[in-house]
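A.B. asks:
Protein chains: 2
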Amino acid sequence: MSRSNPKVLSTLERAGGFASAQEVYRLMQREGQSIGLTTVYRSLQSLVNDKIVDVLRRDDGEAIYRLCGDAHHHHLVCKGCGDTVEIEGGAIEKWAKTMAEEFGFREVGHTAEIFGLCQRC
Amino acid sequence: MSRSNPKVLSTLERAGGFASAQEVYRLMQREGQSIGLTTVYRSLQSLVNDKIVDVLRRDDGEAIYRLCGDAHHHHLVCKGCGDTVEIEGGAIEKWAKTMAEEFGFREVGHTAEIFGLCQRC
DNA sequence: TCACAAATGAAAATGATTTTCATTTCCATA
DNA sequence: TATGGAAATGAAAATCATTTTCATTTGTGA
Numbered sequence: 001m002s003r004s005n006p007k008v009l010s011t012l013e014r015a016g017g018f019a020s021a022q023e024v025y026r027l028m029q030r031e032g033q034s035i036g037l038t039t040v041y042r043s044l045q046s047l048v049n050d051k052i053v054d055v056l057r058r059d060d061g062e063a064i065y066r067l068c069g070d071a072h073h074h075h076l077v078c079k080g081c082g083d084t085v086e087i088e089g090g091a092i093e094k095w096a097k098t099m100a101e102e103f104g105f106r107e108v109g110h111t112a113e114i115f116g117l118c119q120r121c
Numbered sequence: 001m002s003r004s005n006p007k008v009l010s011t012l013e014r015a016g017g018f019a020s021a022q023e024v025y026r027l028m029q030r031e032g033q034s035i036g037l038t039t040v041y042r043s044l045q046s047l048v049n050d051k052i053v054d055v056l057r058r059d060d061g062e063a064i065y066r067l068c069g070d071a072h073h074h075h076l077v078c079k080g081c082g083d084t085v086e087i088e089g090g091a092i093e094k095w096a097k098t099m100a101e102e103f104g105f106r107e108v109g110h111t112a113e114i115f116g117l118c119q120r121c
């Protein structure tokens with residue numbers, strides 16, 4: 001097991017809190033930081049395990065990593081440019097609760113994402 | 001450009017209307033149908049272009065193809081035993097639509113899952 | 001029958017991600 | 001300070017889905 005290299009997290013932050021492993025790597029290279037691609041992958045995975053970042057998939061299948069705020073919210077993601085809007089999920093919360101009750105589920109969480117093309121794309 | 005090999009579509013149907021290209025290929029092989037992986041990919045792409053099937057991504061990044069018109073539904077998954085209940089997402093559909101409109105997003109899709117512990121777990 | 005376009009598929013290429021493994025860095029303790 | 005082991009690192013190889021290349025086959029209209 002390995003812990004996250006802090007420079008990976010700070011680079012992800014600098015990238016707008018949203019980038020693929022390859023992008024983080026290229027960015028660090030360009031900035032002259034010496035790091036291996038393997039370490040970038042490991043660090044990102046570790047951050048995902050620790051729930052510090054979320055992982056999504058681009059349309060082409062590439063994984064993109066995103067800093068996660070702590071407030072519970074949902075995302076509206078542009079398939080074109082990757083732009084993300086954090087949105088409230090009032091209706092979702094109620095829906096999840098209702099459904100869980102109906103089927104007798106306890107300790108319930110949920111995920112919900114909306115994706116489409118933003119105005120510019 | 002190539003048109004879809006009809007056997008690919010019928011295999012996807014037989015697979016429950018939901019499978020990856022590799023799975024469709026393996027299924028056809030197992031059934032003794034002679035087809036190349038390339039043709040499976042091409043056919044599925046063509047079906048996507050014609051909007052006869054949807055394409056989504058598994059968590060591991062593999063593309064999965066789904067017959068359109070399959071009833072759209074969501075899942076209630078047990079964290080303990082993995083049991084899954086297919087549920088309706090009426091409230092979600094409306095929420096997704098409203099949010100997308102509010103931010104000017106087009107061609108919108110969404111994912112939503114609820115997870116918790118079922119009665120037995 | 002002929003010619004040509006479309007379809008096919010084997011094999012190679014691509015690209016992200018993971019694994020392997022030898023090396024280096026840390027750190028606690030003798 | 002020296003030392004031993006655990007954790008971190010990264011280059012290179014392996015993996016795996018997907019795409020591209022290209023030669024061959026098939027189908028079709030003249």
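Protein chains in written order, with this note's numbering: chain R, 1 to 121; chain A, 1 to 121. Idealized CB from N, CA, C, for every residue including glycine.
(1) Could you confirm whether any beta carbon from chain R is found closer than 8 Å to the beta carbon of R66(A)?
(2) Residues of chain A with CB under 7 Å from L47(R), in chain order?
(3) Between E113(A) and chain R, is there a C-beta pair that is closer than 8 Å?
(4) Just to check my reading of the structure: R66(R) and D54(R) have Cβ atoms closer than 8 Å, yes? What is that Cβ distance to the nearest angstrom?
(5) If we define contact as Cβ-Cβ less than 8 Å, is Q29(A) a contact residue for chain R?
(6) Measuring only the C-alpha atoms, how far is Q29(A) from R42(A)?
(7) Measure from the C-beta of A19(A) to each C-beta in chain R and report whether the shortest distance is under 8 Å.
(8) Note down, in chain order, each residue of its chain lying with its Cβ closer than 6 Å to the Cβ of A21(R), except the 5 sequence neighbours on either side.
(9) Taking 6 Å as the limit between beta carbons, can you name the residues of its chain near H74(A), skipping five residues before and five after?
(10) Taking the continuous alpha helix (DSSP H) assigned at I92(A), which residues delimit it?
(11) Would a check of beta-carbon distances place H73(R) closer than 8 Å to chain A?
(12) Leaving out five residues on either side along the sequence, give the residues of the same chain with a beta carbon under 7 Å from the beta carbon of A63(A).
(13) Let me know the beta strand (DSSP E) ranges lying completely inside the region 25–68 of chain R, each 3 residues or longer, listed in chain order.
(14) Using the beta-carbon count (16 or more within 10 Å), is T38(R) buried or exposed?
(15) Determine which residues share a DSSP beta bridge with F18(A) and list them.
(16) H75(R) lies in the beta strand (DSSP E); which residues open and close that run?
(17) Under a CB-based cut-off of 8 Å, is G16(R) close to chain A?
C.D. replies: Looking at the atomic coordinates:
(1) Chain R contact via Cβ: absent.
(2) Neighbours of L47(R) on chain A: none; closest Cβ ~17 Å, over 7 Å.
(3) Chain R, which has a Cβ nearer than 8 Å to the Cβ of E113(A), makes this yes.
(4) Beta-carbon to beta-carbon, R66(R) and D54(R) are separated by about 5 Å, close enough to satisfy the 8 Å threshold.
(5) Between Q29(A) and chain R, the shortest Cβ-Cβ separation is not below 8 Å.
(6) Distance between the alpha carbons of Q29(A) and R42(A) is about 17 Å.
(7) It does not: the Cβ of A19(A) has no partner Cβ on chain R nearer than 8 Å.
(8) If the five residues before and after A21(R) are omitted, its C-beta is found closer than 6 Å to the C-beta atoms of V40, Y41, L44, all from its own chain and listed in chain order.
(9) Residues of the same chain with a CB within less than 6 Å of the CB of H74(A), apart from the 5 flanking positions on each side, are I87, G89, A112 in chain order.
(10) I92(A): member of the alpha helix (DSSP H) spanning 90–102, first to last residue.
(11) At least 8 Å separates the CB of H73(R) from every CB of chain A.
(12) The answer, listed in chain order, is S20, A21, V55, R57.
(13) Here the runs fully enclosed are 53–57, 63–67.
(14) Counting C-beta atoms within 10 angstroms of its own C-beta, T38(R) has fewer than 16 neighbours from the protein chains shown and is therefore classed as exposed.
(15) Its beta-bridge partners are R66(A).
(16) Residues 74–78.
(17) Interface residue (Cβ-Cβ distance to chain A less than 8 Å): G16(R) is not classified as such.
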